[in-house]
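Worksheet for the structure shown next.
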Amino acid sequence: MNVFDFAMEKEEESRKFYEKLATAARTNELKTVFTLLAESEGEHYKHLAALKAGTDPRMADSVVLGRAKDQLGKIVGEAAPDTVLAEDRDGYIHAIKAEEESIRLYEELADKELNRAAAGILKRIAEEEKHHLEVMENIYEFVEAPQTYLAWGEFSNLREY
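Quick note: the sequence shown, position 148, residue 148 per the UniProt record's numbering, numbers continuous.
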């Protein structure tokens, strides 16, 4: 199986799932977070497609991906959107867990891969996923920023002037 095809399929499934979560979200904040996450997955898909176009297909053939394909649903999320939103009030935790699991999977696959070129590509995709996780964290931080302010207990020792 081609490493890029596997990764692109994962990104597409994630994009669709986040779109479902955005539709099921009960608050505008959640709709915004999941819409931005879906768009981010779409951009990540395009980036992987560009990497695939510039790589010799034989280098991206993997032996271990065929066995890992069944794990794709576990990462993306097989649960119904309303279940995810019911368990994680803001739903963001689900997205972070999925991204962290994805990084773990790519690193494990790279370690098991016999084709050195494919292993290198899997490691590069794991690094891309780490960057994508950072983007997701930034999206969430941006959306949550209006609810975060200086009057928290850790700043209670400051005097008013």
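Glycine is no exception: its CB is placed at the ideal position from the N, C-alpha and C atoms.
Nearest candidate by alpha-carbon position, reference F142, set F17, T23, F34:
F34
With 16 other CB atoms within 10 Å as the buried threshold, where does K97 fall?
exposed
Distance check for L133 and E107, CA to CA, integer angstroms please.
15 angstroms
Have a look at A117 and A49 and give me their C-alpha separation to the nearest angstrom.
17 angstroms
Could you tell me the alpha carbon to alpha carbon distance between M136 and L105, rounded to whole angstroms?
18 angstroms
Alpha-carbon spacing of E100 relative to L114, whole angstroms:
24 angstroms
Buried or exposed (CB count within 10 angstroms, at least 16 for buried), I103
buried
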